[in-house]
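Chemist:
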Amino acid sequence: MTPDLLNFKKGWMSKLDESGEWKKHWFVLTDAGLKYYRDSSAEEKDNIDGEIDLKSCVKVSEFDVEKNYGFQIQTREAVFTLSAMTAGIRRNWIEVLKKSIRPSSSPDLTQLPDSSSDKENSHNRFPLSS
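In our numbering, the protein residues as written are 124 to 253.
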């Protein structure tokens with residue numbers, strides 16, 4: 124696979140750090156998670172500042188902040204507050220993040236028996252149609 128297929132989205136955003144200060148980072152969404160770097164050249168050198176594990180993500184939502192257009196990524200371990208330059212950029216990030224967390228979220232156990240019974244039903248129906 125080419126790196127472009129692995130990197131779904133990249134761009135500048137600010138992240139609220141533990142001390143309550145906004146720090147600008149170069150964000151890269153991959154199949155592994157949302158990584159952030161000092162800048163795009165740091166990404167090329169794989170000099171990572173941090174990563175948000177989207178496998179444990181439970182919610183992505185708009186969040187009012189004093190700086191530009193905020194949103195939050197809630198994981199089981201922590202809440203990350205980010206800020207995009209425009210409302211459109213924020214909306215786009217929220218959309219791609221929601222798409223990327225859905226496959227790795229916990230399976231809905233109430234739907235598992237249904238999907239297996241569908242398979243059985245389709246096998247039962249198959250001989251009838253032949």
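Ideal Cβ positions, reconstructed from N, Cα and C, are used throughout, including at glycine.
Going by DSSP, name the residue or residues bridged to E141.
Modeler: As a position in the sequence shown, residue 141 is number 18, starting the count at 1. Per DSSP, none; premise fails for E141.
Chemist: Mind checking E218: buried by the 16 CB within 10 Å criterion, or exposed?
Modeler: Here residue 218 is taken as the residue at index 95 of the sequence shown, counted from 1. Exposed, since its Cβ has fewer than 16 Cβ neighbours within 10 Å.
Chemist: For A210, tell me which candidate among S184, E200, F203 and I224 has the shortest Cα-Cα distance.
Modeler: Taking the first residue of the sequence shown as 1, we reach residue 210 at position 87. That would be S184, whose Cα lies nearest to the Cα of A210.
Chemist: Measuring CA to CA, which of K133, S206 and E174 is closest to E189?
Modeler: Residue mapping note: residue 189 aligns to position 66 of the sequence shown, counting from 1. The shortest Cα separation from E189 among K133, S206 and E174 belongs to S206.
Chemist: Under the DSSP definition of a beta bridge, which residues are partnered with E185?
Modeler: The sequence position of residue 185 within the sequence shown is 62, counting from 1. DSSP output for E185 lists F194 as bridge partner(s).
Chemist: Use the C-beta contact count for L164: other C-beta atoms within 10 angstroms, 16 or more gives buried, fewer gives exposed.
Modeler: Taking the first residue of the sequence shown as position 1, residue 164 is located at position 41. In the sequence under discussion, the amino acid at residue 164 is Ser, which differs from the Leu named in the question. Exposed, by the Cβ-count rule.
Chemist: CA-CA distance, E174 and K146?
Modeler: Looking up residue 174 in the sequence shown gives position 51. Looking up residue 146 in the sequence shown gives position 23. Approximately 14 Å between the Cα atoms of the pair.
Chemist: Go through its chain and collect everything with a Cβ distance to W149's Cβ below 8 Å, but skip five positions before and after it.
Modeler: Taking the sequence shown and counting its residues from 1, the one referred to as residue 149 is at position 26. If we look at W149 and ignore the five residues flanking it on each side, its Cβ neighbours are K133, G134, W135, Y159, Y160, R161, D162, S163, A165 and E166.
Chemist: Helix, strand or coil, according to DSSP, for A207 in the structure here?
Modeler: Against the sequence shown, residue 207 aligns to sequence position 84. DSSP places A207 in strand when its eight states are reduced to three.
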